[in-house]
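The numbering used here puts the first residue of the sequence shown at 527, with every later residue one more than the last.
Even for Gly, the Cβ is constructed at its ideal location relative to N, Cα and C.
Data block below; observations after.
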Amino acid sequence: DILYDVSILEAIKVTNPKSLETRKINCNKYIYQKYKIDSLQFVKSDLYYASDVSNYGKMYKKVIEKLENVRKTDSIKNLKIKK
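So this is what it looks like as structure tokens:
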């Protein structure tokens, strides 16, 4: 779930950075607080998982699948709202 949250926040930074600024959201701080970790733990974990490229790829594939499922669900909800 942490990779999913990081992916969402990175997408927001790219597509609508003002929304994070307006809400005074610090992405790193948000992740650290939500998952009760610090920056060192995050980096160590990321390096650990990244060292196994095959497994890391599988983890990101799951993130992409989750993002796609959320996108599909949102699309269906939007269609229902328009009717």
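Determine the contact status of residue i and residue j, defining contact as a CB-CB distance below 8 Å.
{"i": "residue 527", "j": "residue 557", "result": "no"}
{"i": "residue 529", "j": "residue 538", "result": "no"}
{"i": "residue 565", "j": "residue 554", "result": "yes"}
Pull up the CB-CB distance for residue i and residue j, whole angstroms please, since I reckon it's below 8 Å.
{"i": "residue 575", "j": "residue 581", "result": "7 Å"}
{"i": "residue 533", "j": "residue 579", "result": "Between residue 579 and residue 533 the Cβ distance is about 18 Å, and since that is not below 8 Å, they are no contact."}
Using only CA atoms, which one of the options lies nearest to residue i?
{"i": "residue 536", "options": "593, 585, 563 and 599", "result": "593"}
Under 8 Å, Cβ to Cβ, is there at least one residue of chain B near residue i?
{"i": "residue 535", "result": "Chain labels in this structure do not include chain B; a single protein chain is all it has."}
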